[in-house]
Ligand code: ADP
Ligand code: ADP
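Numbering (my numbering), first residue to last: 1 to 219.
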């Protein structure tokens, strides 16, 4: 039965960083809604053009578009064993749609990992975040610097700072998170799926805490 792990947390909490590590450790694909939108922006697809206006303003892309995109992605063969979901769901409507999708795929939610980080740390992390052009590998100029400034350790591509990581947009994204996404904490807690993890520990310690919270899967 396919199993799904959801990473929940504010922008900058460390979802992308940790999702890549969990994906390797658990052998499940990492599905990031933000990465898929950025890929579409880069390739100038219709979806990318639609998403652009929302992303630039730090708003959420409308639910119907986002849900259809994730449903399509999760139905591909590499997701047959399940997936690590990073950045989806982000609204109650998306969470309900996800429940329905997983039911349709004959799967179930393993766990929702909530990475908790204070607002000041979020701002500090996003201000120093650098991303690789080729595959979205994530760095921080102080907390997780690349070996060579401006170059990705993994694939040698150029590192850049995201437009939506500017201080003003970040403030708005955190407000959007509080209003639209934070209600999912209670939604999943009530279903007994939520595990809280302290996201202000060093990256390796957060990974260990997350892995310890994932139920052992019977093969
Ligand atoms: P999210 O996907 O939740 O927005 P990221 O994984 O992109 O978060 O992390 C945001 C920034 O914080 C990146 O620059 C990353 O290198 C850094 N970071 C991630 N986890 C930690 C941590 N535990 N301690 C310090 N910095 C971190
Ligand atoms: P972060 O983890 O730093 O908040 P992401 O890369 O997950 O950033 O998302 C970047 C942007 O992409 C969001 O600000 C939003 O505009 C859009 N986006 C990503 N995921 C979703 C989603 N599930 N629903 C709506 N919009 C989304």
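Ideal placement from N, C-alpha and C gives every residue a C-beta, glycine not left out.
Source: prediction; values computed, not measured.
(message) Please return the same chain residues whose Cβ sits closer than 7 Å to the Cβ of residue 58, not counting the five positions on each side in sequence.
(response) Locating residue 58 in the chain shown gives position 58, counting from the first residue. So the qualifying residues of the chain are 164, 169, 172, 173 and 176.
(request) Pick helix, strand or coil for residue 194, following the three-state DSSP scheme. (result) Within the chain shown, the letter at position 194 stands for residue 194. Note: residue 194 maps to strand in three-state DSSP.
(request) Specify, as a first and last residue, the run of the beta strand (DSSP E) that residue 114 falls within. (result) If you number the chain shown from 1, residue 114 lands on position 114. Looking at the DSSP string, the run of the beta strand (DSSP E) that includes residue 114 is 108 to 116.
(request) Select from 135, 105, 6 and 215 the residue whose C-alpha is nearest the C-alpha of residue 37. (result) Taking the first residue of the chain shown as position 1, residue 37 is located at position 37. The residue with the shortest Cα to Cα distance from residue 37 is 135.
(message) Assuming contact is defined by CB atoms lying nearer than 9 Å, are residue 4 and residue 107 in contact in what I supplied?
(response) If you number the chain shown from 1, residue 4 lands on position 4. If you number the chain shown from 1, residue 107 lands on position 107. Yes, the pair counts as a contact, with Cβ atoms nearer than the cut-off.
(request) Could you say which of 114, 40 and 180 lies nearest to residue 18 if we only look at CA atoms? (result) Indexing the chain shown from 1 puts residue 18 at position 18. Ranking 114, 40 and 180 by Cα distance to residue 18 puts 114 first.
(message) Any heavy atom of ligand 1 closer than 8 Å to the beta-carbon of residue 62?
(response) Taking the chain shown and counting its residues from 1, one reaches residue 62 at position 62. Checking every heavy atom of ligand 1 against the Cβ of residue 62, none is found closer than 8 Å.
(request) Determine the DSSP secondary structure at residue 187, reduced to helix, strand or coil. (result) As a working mapping, residue 187 is identified with position 187 in the chain shown. Here residue 187 sits in helix by DSSP.
(request) Quick one: measure Cβ to Cβ for residue 90 and residue 129, integer angstroms, because I've assumed they're closer than 8 Å. (result) For the purposes of this step, residue 90 is taken as the residue at position 90 of the chain shown. For the purposes of this step, residue 129 is taken as the residue at position 129 of the chain shown. The Cβ separation is near 19 Å, so there is no contact.
(request) Quick one: which unbroken alpha helix (DSSP H) runs of 4-plus residues sit fully inside the stretch 51 to 94? Chain order, please. (result) 63 to 74
(message) With the cut-off set at 9 Å, would you say residue 188 and residue 112 are in Cβ contact?
(response) Within the chain shown, residue 188 is the residue found at index 188, counting from 1. Within the chain shown, residue 112 is the residue found at index 112, counting from 1. Cβ distance < 9 Å, so residue 188 and residue 112 count as in contact.
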